[in-house]
Amino acid sequence: MPVIRLDLRLYVVVTATIVMSPEAVGHVLVLAPLITTAATARMLTDRWWAMTMPASGIGCAGSVAGLYGSYAYDLAAGGSVVVVATGVFITTWCPAPRHGLLTRALPQRVTPEAGAPAVTAGTS
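Under the numbering used here, the sequence shown has 10 at position 10, and the numbering climbs by one with no breaks.
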């Protein structure tokens, strides 16, 4: 893989997002949508490439929903976007296949052959 090119593209996209974000959500809330959407996508997959599309989709949908809620209920735009993104994160965190709260709460299965714990969704 062309690591340097991918790394530079990632830096350009993050920089563009940070430069454009203060107008929409304010200076203090710039990093909250970035980190929350990436953490939400991380709950769904462990592969970096597979995280980029869900994170982008969650970010776009959360921004639109937050801005719509801000307009409809006459609230601050930045806070509404962050509340929506955090709500999506919490909704995803509970049933997440590998890192979720419900997955970790389930008892682990034991394989009858070796007597060792099997690799299940709740183990890390």
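Think of the CB as a built atom: it goes at the ideal place given N, C-alpha and C, for glycine as much as any other residue. Everything numeric in this text was worked out from a predicted model, so none of it was measured.
Assignment of alpha helix (DSSP H) within the segment 14-47, counting only whole runs of 4 or more residues, yields 31-44 in chain order. Here M1 is exposed, its C-beta having fewer than 16 other C-beta atoms within 10 Å. W93 sits close to M43, with the two beta carbons spaced by under 7 Å. Rounded to the nearest angstrom, the gap between the Cα atoms of I4 and T45 is 23 Å. Counting C-beta pairs closer than 8 Å gives three or more between the segment 27-39 and the segment 53-64, which meets the contact rule. A Cβ-Cβ contact shorter than 7 Å links G62 with A85. Between G100 and S80, the gap from beta carbon to beta carbon reaches 7 Å or more. Taking 7 Å as the cut-off, the beta carbon of S21 is found closer than this to the beta carbon of V30. Closest in alpha carbon position to R9, among W49, T91, A77 and I90, is W49. Taken through DSSP and simplified to helix, strand or coil, M1 comes out as coil.
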